[in-house]
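Q: If you read the sequence shown in the numbering used here, its first letter stands for residue 58, the second for the next number, and so on.
Below you will find the structure I want to go over with you.
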Amino acid sequence: LPPTWTPTPPLSATPTRPVLAFPPASGQIVGWGGSDQRGDDYLPILIYDLNNQGATSQVGTESGYYPRFAPGGNRVIYARYSLISSDTTIEEINQDGSARAVIDSRWIDFISLVADPDFPVYAGNNLVFAARGEGNQYAQLYWLAADDSAMRRLTVDRQEYR
């Protein structure tokens, strides 16, 4: 049989529903941003207050990256570059910039050398972070108990954790 023409219906617009507005958000967002004057990706740590039309306040005077709220939301933990030791350090600070604490000293009893601690995050009240352990060229994951009573390496492989 010779080919025949098969009619096709004309295209019709797909009906769309009206977009609903998102409910207003509340709370706070912590992040880092601003001018990277040293070119090292360490930027001022900022809190955006959604309860106050997104007002922004800087946390402390140090620059860092990968900030997270500590349990309870009153403190912020982040990684920053230490000019003294020429590597990263993990710090925790109150939202108003007071009571800055270097967290690295919490694991000194467990590991003789941990270099470049990075990417801190709380798992409940316990701390998880990436670092290079003694004799390891790859950053691995570590877990530190909230009361500093125990610490363990979570990964043992040739992967770089970030």
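Glycine included, each C-beta is placed from N, C-alpha and C at the ideal position.
Helix, strand or coil, according to DSSP, for Ser57 in the structure here?
A: Any question about residue 57 goes unanswered here, given that the chain covers just 58 to 219.
Q: When you compare the CB positions of Tyr99 and Tyr123, do they come within less than 8 Å of one another, or not?
A: Contact flag unset, no.
Q: Compare the beta carbon distance of Pro177 and Ala203 with 8 Å and say whether it is the shorter of the two.
A: No, they are not a contact pair.
Q: Indicate whether Met208 and Tyr195 have their beta-carbon atoms separated by less than 8 Å.
A: No, they are not a contact pair.
Q: Does Thr146 pass the burial test, meaning 16 or more other C-beta atoms within 10 Å, or should it be called exposed?
A: Classification of Thr146: buried, given that the 10 Å Cβ count is 16 or more.
Q: With distances taken Cα to Cα, identify the nearest neighbour of Ala87 among Arg74, Pro75, Ile104, Arg132.
A: The identity of residue 87 in the sequence shown is Val, whereas the question assumes Ala. Here the closest residue by C-alpha is Ile104.
Q: Looking at C-alpha atoms only, which residue of Leu184, Gly154, Asn183, Tyr218 is the closest neighbour of Asn193?
A: Comparing Cα positions, the closest option is Tyr218.
Q: Specify the secondary structure class of Arg163 as computed by DSSP and reduced to three states.
A: Of the three classes helix, strand and coil, the one that applies to Arg163 here is helix, per DSSP.
Q: Using only the alpha-carbon positions, how far apart do Ala180 and Ile165 sit?
A: C-alpha separation (whole angstroms): 20 Å.
Q: In angstroms, rounded to a whole number, what distance separates the CA positions of Ser92 and Ile102?
A: Each residue's Cα considered, the two are about 12 Å apart.
Q: Between Ala172, Ala127, Ser143, which lies nearest to Ala158 when the distance is taken from Cα to Cα?
A: Of the candidates Ala172, Ala127, Ser143, the one whose C-alpha sits nearest the C-alpha of Ala158 is Ala127.
Q: Classify Ala78 as buried or exposed, calling it buried when 16 or more other Cβ atoms lie within 10 Å of its own Cβ.
A: Looking at its Cβ environment, which holds fewer than 16 other Cβ atoms inside 10 Å, Ala78 is exposed.
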